[in-house]
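J.: Residue numbers (the numbering used here), protein chains in the order written: chain H, 63 to 383; chain G, 3 to 335; chain R, 38 to 320. Every residue gets a Cβ at the ideal spot worked out from N, C-alpha and C, and that includes glycine. Computed from a predicted model, the values in this text were never measured in an experiment. Below is a structure I'd like to ask you about.
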Amino acid sequence: MVDEPVIEAKQVSRYFLAAKKGLLESIFRREIPIVRAVDNVDITVNRGEVVALVGESGCGKTTLGRMLTTLETPTSGEIIFKGETMNEHNKSRFRGKIQLVFQNPLESLDPRMALRDIVVEPLERMNLTSAEKTSMFENALSYVGLESRNFAYRRPSDLSGGQRQRVAVARAIVSNPEFVVLDEPTSALDASVQSQVLNLLVKLHKNFGFAYLFITHNIAVARYISDRVAIMYAGKVVETGPTAQVMTHPKHPYTQALLSAVPTTENKDLTPPVGEVPSLINPPSGCRFHPRCPYVMEVCKTTEPPLRMSEGEEVACWLYK
Amino acid sequence: MTAQSTELQHATLQVHDLSIVYKTIYGELKAVNKLNLTIGRGESVAVVGESGSGKSTLGLSIVRLLPGNARYSEGGINLDGQDVEKLKDRDLTRMRGSSVFMIFQDPLNALNPVKRIKDQMFEALKTRNEREGGSADKESGQRELVESLRSVRMPDPELILNRFPHQLSGGQIQRVVIAMGLLMRPKLLIADEPTSALDVTIQAQVLKLMRDLQREYGMSILFVTHDISIAYAISDRIIVMYAGEIVEDGSTEKIIRKPLHPYAQALIASIPKKSKDQGDLTTISGSTPNMLNPPSGCRFHSRCPFVMEKCITNSPNFIENDDRRVRCFLYGG
Amino acid sequence: MIVIFLGFGIIEGTLQEVGSLINRPSLGWLLLPSNPLALNFAQKYIPPCWIGSASSCGSAVNFLGTNDEGQSILSRLMYATPHDALAAVLVVTIAIVVGMFVGTTSGYFGGWVDDILMRLTDAFLALPGLILAIAIAVLLGPGFTSALLALMTIWWPTYARFFKGQAVQIKNRGYVEAAKLNGIRSFKILMKHLFPNSIDPIIAYATLDFGTVILTYASLAFLGIGVELGYPEWGNEAAVGLQFFPQYWWMAIIPSLLIMAVVVAFTLVGDRIQDLVGGRVNR
């Protein structure tokens with residue numbers, strides 16, 4: 063695997079206003095609280111790599127994923143695709159090269175459209191004839207393991223959850239993308255169907271070599287499918303590194319807590335961390351994990367640790383030099 | 003606290019040949035089929051199955067919270083010495099407060115949104131006091147509420163008591179619900195996927211809490227889930243359900259380490275343990291059966307890698323094997 | 038009943054139009070029991086056939102009685118049907134189309150587009166509908182078209198509100214974002230994804246609305262607004278008939294009953310469809 067970045071986020075942040083700024087607020091100059099959904103994050107996905115973005119709800123992983131697809135614009139920082147910075151003006155150049163697979167199979171396909179039309183929608187801008195589009199559709203379906211003869215003019219409501227996700231994946235690959243963001247693609251599926259879809263994703267990755275960013279809260283799935291993993295907490299990336307390494311020897315105290323809280327069939331006793339995930343409007347000062355960290359030191363309370371290299375990984379923690 | 007050592011007189015829950023049928027516009031659907039189950043005092047049992055297995059129906063049937071189109075077509079449920087089906091409304095309400103308490107999947111709808119936490123918890127307290135004949139003045143009641151919130155590891159209990167449900171997170175609400183349950187001191191706690199809406203770390207907190215409470219108060223637990231890893235963490239005994247029937251029932255350790263029934267084996271095998279470089283994930287071919295028209299013979303036969311001739315026509319009975327029961331011709335019958 | 042109403046309205050309306058075009062107005066009453074416009078003083082003030090003795094109404098032609106000019110009320114009401122049918126269909130359709138464009142665009146784009154369009158919609162909604170319709174119709178002068186225009190103007194804002202609500206929900210759905218991601222232009226997204234998916238809940242409501250339009254139109258006609266000279270609008274007939282109340286009560290009552298019956302028919306059908314389809318509109 064060549065270490066050539068397909069997409070990079072540099073010091074990317076995304077802040078939201080917690081409420082709409084109406085007339086009253088402007089007149090009285092009330093401060094509207096800001097939600098720091100993603101705060102100064104760096105992340106890279108290399109060519110042909112599968113990176114898992116792991117974290118719990120509210121950590122900002124979905125927002126970060128969406129920024130990488132240009133569906134949302136960063137409040138600050140830049141996103142660079144194959145050496146080119148993406149912004150409002152050149153967004154259209156990247157259409158078709160970056161794709162997204164959504165979590166909810168019910169909502170990601172237009173219930174009023176025929177499956178064929180759904181899958182070839184990404185090819186809109188490519189002036190193909192109807193016959194050409196149909197053959198692209200058939201190809202894509204065969205790659206995701208569905209019988210195209212029966213399905214071309216069916217509707218999403220005729221399919222099961224697993225089949226709909228396959229169609230969503232077919233739509234994502236039909237434009238031959240270089241980078242695909244998958245936002246919890248299997249979380250809404252039954253366990254046995256999950257395995258089928260994961261196998262499919264691995265197979266496609268082997269065949270086509272796209273780069274994936276796989277967003278999930280499920281550690282086992284992340285461990286199975288990814289080459290590298292990035293752990294997010296409260297809007298920040300706290301640890302990234304090769305999957306095997308991070309999973310067996312987690313460095314960041316949050317990663318350690320997260321891994322030991324996951325129920326596995328190896329260990330009956332769960333040791334959860336104390337406390338709750340912090341508010342993103344008023345995050346704790348310094349390191350955001352410090353109120354819950356068993357190794358907290360004075361410096362953690364005042365200064366945010368930067369993401370730094372340490373033994374082949376990047377960690378944001380004052381425990382590591 | 004091993005599985006089969008409970009004597010029937012001391013059993014908290016006894017389900018005998020239970021069948022539950024739903025009436026739908028497409029016909030009759032037998033969600034639970036002649037099910038037999040015993041839970042002893044202080045025992046934690048996990049019921050594991052996928053959607054359509056009947057596990058939720060089982061839980062709801064014990065507290066008689068089934069929807070209107072369901073009926074108890076066969077068998078009976080004996081909870082803490084009482085026949086659940088025959089209970090009159092007043093006794094049913096009392097049973098729900100004292101013998102059994104249920105926690106549901108969705109924390110958002112579990113509490114009354116227009117009442118403060120402390121008012122709702124006081125209700126629980128009052129119910130228990132009425133039942134046990136005690137009475138509580140506001141002060142000692144308040145103290146007891148704070149104590150119960152502390153026992154569910156809730157930080158700042160006094161603050162929480164004054165809040166409304168929408169001001170709490172999902173994990174906090176589930177803990178409040180558990181605390182309310184504890185105030186009632188039920189003999190059996192039924193939990194239907196209580197952690198699937200929660201984050202992993204909160205889930206771990208809630209699971210650990212339930213285990214601690216089980217040990218401390220000798221409470222029995224019936225934990226319904228689709229995730230066998232969670233079942234491992236929470237239970238002493240596991241029951242695997244498929245298409246409305248129990249297919250395997252035994253101690254947690256044994257079932258996880260050496261599952262006997264092919265479906266149980268498939269469930270355990272499909273947990274992604276390794277990395278993709280080590281090969282594909284095991285999947286179960288086919289899909290969950292249509293309960294309006296369940297398969298003939300052994301209900302798992304069309305998806306079973308070890309299917310034999312007789313599996314298609316005959317339905318296996320339970321075989322006692324290695325300190326548990328399995329419903330599979332591979333082990334006899 | 039509705040099918041008959043609409044069908045007849047269309048046929049009759051066509052006949053009238055064609056008739057007036059080729060200068061043969063008698064085409065318009067071809068299908069009617071009698072000429073609704075001819076003066077026939079011999080037959081005036083005949084009560085409906087079920088009153089009094091069997092032979093008092095003369096012939097079946099005057100089944101619903103006659104008016105002060107001897108014209109069969111049945112014929113006159115039938116003659117006026119196309120206007121009501123057309124009003125119902127046209128006003129609701131235009132309201133949906135305009136409302137869909139305004140509402141969906143507003144909901145999808147948000148920002149200043151939303152603000153402007155919604156303020157516009159709110160402005161119309163704030164004014165009492167009937168009054169506004171009267172004002173517009175009077176401004177535009179007498180005639181069927183001005184009544185129609187007035188109604189269309191007050192009708193679309195409710196639909197705009199509804200479509201905006203739909204758009205706000207739909208724009209966050211996966212398939213819309215997927216389309217955005219693939220560079221589909223906004224207009225196309227609106228046409229392909231938003232419009233078709235917004236329509237469903239509105240069908241039941243629209244059917245109900247046909248009845249309301251007819252009622253409002255009849256109210257206008259009752260007040261004499263938007264009526265053409267000599268044309269026997271249902272509402273107008275009722276108004277005129279009031280002058281002869283209570284002696285020749287049928288002149289006022291019969292048209293009113295007809296209006297009521299048609300409105301109720303639409304309401305019932307709309308309700309039924311709503312039960313089947315399950316739509317919901319915030320009014």
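1) What's the C-alpha gap between serine 90 (chain R) and glycine 248 (chain R)?
2) Please check if any C-beta of chain G sits within less than 9 Å of the C-beta of asparagine 261 (chain H).
3) Would you call the CB atoms of leucine 162 (chain H) and leucine 133 (chain H) closer than 9 Å?
4) From methionine 228 (chain R) to valine 135 (chain R), what does the alpha carbon distance come to, in whole angstroms?
5) Going along the chain, which residues of its own chain have a beta-carbon closer than 7 Å to the beta-carbon of glutamate 52 (chain G), five neighbours each way excluded?
6) Mind pulling the beta strand (DSSP E) runs of 3 or more residues that sit fully within the stretch 118-154 of chain H?
7) Check the Cβ of phenylalanine 164 (chain H) against every Cβ in chain R and list those closer than 8 Å, keeping chain order.
8) Give the single residue among G:Glu247, G:Pro264 and G:Val242 whose Cα lies nearest to the Cα of threonine 254 (chain G).
9) Could you pull out every unbroken beta strand (DSSP E) segment of at least 3 residues lying fully inside the stretch 210-273 of chain H, listed in chain order?
10) Entirely within the stretch 10-94 of chain G and at least 3 residues each: give me those beta strand (DSSP E) ranges in chain order.
11) Would you call serine 92 (chain R) buried or exposed, if buried means 16 or more other Cβ atoms sit within 10 Å of its Cβ?
12) Opposite isoleucine 192 (chain G) in the DSSP bridges: which residues?
13) Using the Cα positions of threonine 317 (chain H) and alanine 99 (chain H), report the straight-line distance between them to the nearest angstrom.
14) Between G:Ser304, G:Thr26 and G:Leu191, which has its C-alpha nearest threonine 14 (chain G)'s C-alpha?
15) Using 10 angstroms around the beta-carbon of alanine 181 (chain G), count the other beta-carbons present and answer buried if the total reaches 16, otherwise exposed.
16) Given a limit of 9 Å on CB to CB distance, which residues of the stretch 221-250 of chain H reach chain C?
17) Report yes or no: do the stretch 252-261 of chain H and the stretch 193-203 of chain H share at least 3 C-beta pairs separated by less than 8 Å?
18) What is the DSSP secondary structure of glutamine 165 (chain H), counted as helix, strand or coil?
19) Please state whether DSSP places alanine 99 (chain H) in a helix, a strand or coil.
20) Tell me which residues of the stretch 43-72 of chain G have at least one Cβ-Cβ distance to chain H shorter than 7 Å, keeping chain order.
21) Flag this pair as yes or no: are the beta carbons of arginine 73 (chain G) and lysine 25 (chain G) separated by less than 9 Å?
22) Under a three-way DSSP split, which group does valine 309 (chain G) fall into?
23) What residues in its chain sit with their C-beta under 7 Å from that of phenylalanine 213 (chain H), if we drop five residues either side in the sequence?
24) So, using beta-carbon positions, are proline 167 (chain H) and alanine 232 (chain H) closer together than 9 Å?
25) How big is the Cα-Cα spacing for valine 154 (chain G) and leucine 211 (chain G)?
26) Between G:Leu20, G:Arg187 and G:Asp279, which has its C-alpha nearest glycine 220 (chain G)'s C-alpha?
27) Once DSSP output is grouped into helix, strand and coil, what is the label at methionine 188 (chain H)?
28) Which stretch, first to last residue, makes up the alpha helix (DSSP H) that contains threonine 302 (chain H)?
29) Listed in chain order, which residues of the stretch 194-217 of chain G have Cβ atoms closer than 8 Å to some Cβ of chain H?
30) Quick one: complete alpha helix (DSSP H) runs, 4+ long, within the stretch 134-173 of chain G?
31) Could one say the Cβ of glycine 144 (chain R) lies closer than 9 Å to chain H's Cβ atoms, at least one of them?
32) Using only the alpha-carbon positions, how far apart do methionine 155 (chain R) and glutamine 216 (chain G) sit?
33) For a contact meaning CB atoms closer than 9 Å, what does isoleucine 223 (chain G) contact in chain H?
34) Check leucine 115 (chain H) in the structure and name its three-state DSSP category.
35) For aspartate 152 (chain R), which residues does DSSP report across the bridge?
36) Select from R:Ala255, R:Met137 and R:His120 the residue whose C-alpha is nearest the C-alpha of valine 300 (chain R).
T.: Concretely, from the data shown:
1) Position 53 of the third sequence holds residue 90 (chain R). Position 211 of the third sequence holds residue 248 (chain R). Low local confidence applies: a pLDDT of 48 at serine 90 (chain R) is under 50, so the model's placement there is unreliable, and no value is given.
2) On the first sequence, position 199 is the one that residue 261 (chain H) refers to. At least one chain G Cβ lies under 9 Å of asparagine 261 (chain H).
3) For the purposes of this step, residue 162 (chain H) is taken as residue 100 along the first sequence, with counting starting at 1. For the purposes of this step, residue 133 (chain H) is taken as residue 71 along the first sequence, with counting starting at 1. Closer than 9 Å, so yes.
4) In the third sequence, the residue the question calls residue 228 (chain R) occupies position 191. In the third sequence, the residue the question calls residue 135 (chain R) occupies position 98. In a straight line, the C-alpha of methionine 228 (chain R) is about 14 Å away from that of valine 135 (chain R).
5) By 1-based counting over the second sequence, the position of residue 52 (chain G) is 50. The answer, listed in chain order, is His228 and Thr290.
6) Entirely contained in the stretch 118-154 of chain H, the beta strand (DSSP E) runs reaching 3 residues are, in chain order, 138-143.
7) Residue numbering aside, residue 164 (chain H) sits at position 102 when the first sequence is read from its first letter. Gly211, Glu214 and Ala215, listed in chain order.
8) Taking the first residue of the second sequence as 1, we reach residue 254 (chain G) at position 252. Nearest C-alpha to threonine 254 (chain G): G:Val242.
9) 241-245
10) 15-26, 29-41, 46-50 and 72-81
11) Here residue 92 (chain R) corresponds to residue number 55 of the third sequence, with the count starting at 1. Any reading at serine 92 (chain R) must be qualified, since the residue scores a pLDDT of 49, below 50, and its modelled position is unreliable; the value itself is stated next. So serine 92 (chain R) counts as exposed.
12) Taking the second sequence and counting its residues from 1, the one referred to as residue 192 (chain G) is at position 190. Paired residues: G:Met104 and G:Leu224.
13) In the first sequence, counting from the first residue as 1, residue 317 (chain H) sits at position 255. In the first sequence, counting from the first residue as 1, residue 99 (chain H) sits at position 37. So the two alpha carbons sit approximately 19 Å from each other.
14) Here residue 14 (chain G) is taken as the residue at index 12 of the second sequence, counted from 1. Nearest of G:Ser304, G:Thr26 and G:Leu191 to threonine 14 (chain G), Cα basis: G:Leu191.
15) Within the second sequence, the letter at position 179 stands for residue 181 (chain G). By the neighbour-count rule (16 or more Cβ atoms within 10 Å), alanine 181 (chain G) is buried.
16) Although the question refers to chain C, the structure presented lacks it and instead comprises the protein chains H, G and R.
17) no
18) Locating residue 165 (chain H) in the first sequence gives position 103, where the first residue counts as 1. In the structure shown, glutamine 165 (chain H) adopts coil according to DSSP, grouped into three states.
19) Your numbering for residue 99 (chain H) matches position 37 in the first sequence. Alanine 99 (chain H) falls in the strand class under three-state DSSP.
20) Glu52 and Ser53
21) Sequence index remark: in the second sequence, residue 73 (chain G) carries index 71 (1-based). Sequence index remark: in the second sequence, residue 25 (chain G) carries index 23 (1-based). Cβ atoms of arginine 73 (chain G) and lysine 25 (chain G): closer than 9 Å.
22) Within the second sequence, residue 309 (chain G) is the residue found at index 307, counting from 1. Looking at valine 309 (chain G) - three-state DSSP - the assignment turns out to be coil, as it is neither helix nor strand.
23) By one-based count along the first sequence, residue 213 (chain H) stands at place 151. Contacts found: Leu177 and Leu203.
24) Translated into positions along the first sequence, residue 167 (chain H) becomes position 105. Translated into positions along the first sequence, residue 232 (chain H) becomes position 170. No.
25) Residue mapping note: residue 154 (chain G) aligns to position 152 of the second sequence, counting from 1. Residue mapping note: residue 211 (chain G) aligns to position 209 of the second sequence, counting from 1. If I take the Cα positions, the gap works out to 6 Å.
26) If you number the second sequence from 1, residue 220 (chain G) lands on position 218. Minimum Cα distance to glycine 220 (chain G) is reached at G:Arg187.
27) Here residue 188 (chain H) refers to the residue found at position 126 of the first sequence. In the structure shown, methionine 188 (chain H) sits in a helix (DSSP, three-state: H, G or I).
28) Here residue 302 (chain H) is taken as the residue at index 240 of the first sequence, counted from 1. Run containing threonine 302 (chain H): none in the alpha helix (DSSP H); it sits in the beta strand (DSSP E), 298-304.
29) Asp201, Val202, Thr203, Ile204, Gln205, Ala206, Gln207, Leu209 and Lys210
30) 140-153 and 159-163
31) One-based indexing of the third sequence puts residue 144 (chain R) at position 107. For glycine 144 (chain R), the answer is no, since every Cβ of chain H falls outside 9 Å of its Cβ.
32) Indexing the third sequence from 1 puts residue 155 (chain R) at position 118. Indexing the second sequence from 1 puts residue 216 (chain G) at position 214. Methionine 155 (chain R) and glutamine 216 (chain G) have their C-alpha atoms some 58 Å from each other.
33) Translated into positions along the second sequence, residue 223 (chain G) becomes position 221. Simply none; closest approach about 15 Å.
34) If you number the first sequence from 1, residue 115 (chain H) lands on position 53. Strand.
35) Residue numbering aside, residue 152 (chain R) sits at position 115 when the third sequence is read from its first letter. BP columns for aspartate 152 (chain R) are empty, so no partner.
36) Counted from its first residue, the third sequence places residue 300 (chain R) at position 263. Nearest option by C-alpha distance: R:Ala255.
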